[in-house]
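*Asks:*
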Amino acid sequence: MDFLKLVESVLDGYVLDWDGIHGIGHWCRVLENGLRLADATGANRDIVTLFAVFHDARRLNEGHDPEHG
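So the sequence shown is numbered by the working numbering: it starts at 151 and just counts up by one.
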């Protein structure tokens, strides 16, 4: 998996503020916590990483956005 190309592609389509509630800092926290849980439970780290990148990638606002993920 070419993770950098994947992230670049996702970032190209991200329409919200990078510093917003669901911005890049949030993605990093989701990844960090997800990897800790993966290590503790044996979950697949690649799947956790993909989730961290994609889970808010198509969000259109910082509020109620039920179709975003």
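In this text, a Cβ means the ideal position worked out from N, Cα and C, and glycines have one as well.
Is the stretch 160-173 touching the stretch 183-191 in the sense that three or more CB pairs, one from each, lie closer than 8 Å?
*Replies:* The stretch 183-191 vs the stretch 160-173: no contact.
*Asks:* Please check the pair V203 and V160, which I expect to be a contact at CB under 8 Å, by giving their CB distance rounded to whole angstroms.
*Replies:* About 6 Å; that satisfies the 8 Å criterion.
*Asks:* Can you find the residues in the same chain that come closer than 7 Å, C-beta to C-beta, to E212, ignoring five residues on each side of it along the sequence?
*Replies:* So the qualifying residues of the chain are L166, G170, I171, H172.
*Asks:* Roughly how many whole angstroms lie between the Cα atoms of L210 and E217?
*Replies:* Those two C-alpha atoms are separated by around 9 Å.
*Asks:* Am I right that D206 and W168 are in contact with their C-beta atoms under 8 Å? What's the rounded C-beta distance?
*Replies:* The pair is not a contact, with the Cβ atoms about 12 Å apart (cut-off 8 Å).
*Asks:* Name the two residues that bound the continuous alpha helix (DSSP H) containing W177.
*Replies:* Note, W177: alpha helix (DSSP H), 174-191.
*Asks:* What did DSSP end up calling E217 once you bin it into helix, strand or coil?
*Replies:* DSSP places E217 in coil when its eight states are reduced to three.
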